[in-house]
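Residue numbers (this note's numbering): 2 to 352.
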């Protein structure tokens, strides 16, 4: 028998995530040799992903949304990297590294009792030279896939003639991949990007941003007016940032809506007023969810293109590591407060 701590979801938030209110750590035990597998695999968690998506899942089960809810009393689950301890699945052997939707516990049987559409199959992953396995949660995981899907599947043609692209909330793993991959496809493009502190601005400059600014200290509309007009806007924020972008678009521009973090906690005060600019400027608006929609047709090409870009350094990885499962709740709250600098990764155990 070994210790097996889990992070349990215990209360629905009405605003921001409060680690001590909405989650509880439960210390359990597991028999690694005898726990029933029923044809599946026993995993040891190594790295777990903290991302804004979790807030959308923290809701009453009957509320329909694009992602499944977390049921009260269940362990939190999200993208993670694990190591196979035991296997009754012929596709996996003890010692394999795998990527999938893992429970926030030290050990778990996959898929276990919690099954939903996001959970999907496990995928074997290989260690790349001089690259941590946790990169499969960032540049080579769902964030990188989202960026690739949006740029290649929705914006590639527009990039051929576009002069200026704006990326909001840009210092996270989606935003940095968007910037670097856009520069690979269109070296001429001028990138304007926003973030919320000095360290994040440094990351934006490191990945090739031409105009990086702190939206907390500088006026977004003024920056865009000075450095626009915008041809492509990759939006993670919505609210007043989208409003400022709409007023500073070139005719025929493209908006890729990848998130609305200003709205994630139910704050209706940060609103958009200038929707009329969409028809005035003949703008196209495309919403994107990873692995879904017409643009997902490019996803099978992702690893073939992305792995060489990562190995060559043309696409980089920036991580904010939280150590120990006991830091998981703090990390889940922190991504909504902008506490993380780079991809938020919970290190449960070292490789």
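Backbone N, C-alpha and C fix where the C-beta goes; we use that ideal spot for every residue, glycine too.
The region 189 to 209 makes contact with the region 159 to 175: 3 or more CB pairs, one atom from each, lie closer than 8 angstroms.
Only residues of its own chain outside the window of five on either side were considered, and among them 10, 58, 59, 77 have a CB closer than 7 angstroms to the CB of residue 71, listed in chain order.
If the five residues before and after residue 242 are omitted, its C-beta is found closer than 6 angstroms to the C-beta atoms of 169, 221, all from its own chain and listed in chain order. Pairwise C-beta distances place the region 118 to 125 out of contact with the region 17 to 26, as fewer than three of them are shorter than 8 angstroms. Contact check between the region 128 to 142 and the region 85 to 94: fewer than three CB pairs, one atom from each, fall below 8 angstroms, which does not count as touching. With a threshold of 16 other beta carbon atoms within 10 Å, residue 16 falls short and is exposed. Beyond the five residues adjoining it in sequence on each side, residue 278 comes within less than 8 angstroms, by CB distance, of 247, 248, 250, 284 in the same chain, given in chain order. Residues of the same chain with a CB within less than 7 angstroms of the CB of residue 274, apart from the 5 flanking positions on each side, are 244 in chain order.
Unbroken beta strand (DSSP E) stretches of 3 residues or longer found wholly inside the region 180 to 230: 191 to 196, 212 to 215, given in chain order. In this structure, residue 177 places its C-beta atom within 8 angstroms of the C-beta atom of residue 317.
Taking 8 angstroms as the cut-off, the Cβ atoms of residue 50 and residue 300 do not count as close. In the structure shown, the three-state DSSP call for residue 8 is strand. In the DSSP assignment, residue 176 forms no beta bridge with any residue. Using a Cβ distance threshold of 8 angstroms, residue 13 and residue 61 count as a contacting pair. Restricting attention to 156, 110, 175, the CA atom closest to the CA of residue 296 is found in 156. By a beta-carbon distance limit of 8 angstroms, residue 83 does not contact residue 140. Their separation comes to about 19 angstroms. Membership of residue 30 in the beta strand (DSSP E) is indicated by the continuous run 24 to 31. From the listed residues 67, 185, 101, the smallest Cα separation to residue 43 is found for 101. Ranked by Cα distance from residue 302, the options 147, 218, 233 are led by 147.
Residue 233 and residue 111 have their C-alpha atoms roughly 40 angstroms apart. The closest CA to that of residue 208, considering only 315, 348, 65, is found on 315. Assignment of residue 249 by DSSP, reduced to helix, strand and coil, places it in the coil class.
Closest option to residue 97, judged by alpha-carbon separation, among 69, 28, 126: 126. With a minimum length of 3 residues, the unbroken runs of beta strand (DSSP E) contained wholly in the region 95 to 165 fall at 98 to 104, 108 to 111. Just measuring C-alpha positions, the residue of 165, 18, 6 sitting nearest residue 31 is 6. Here residue 236 carries a strand assignment [DSSP, helix/strand/coil].
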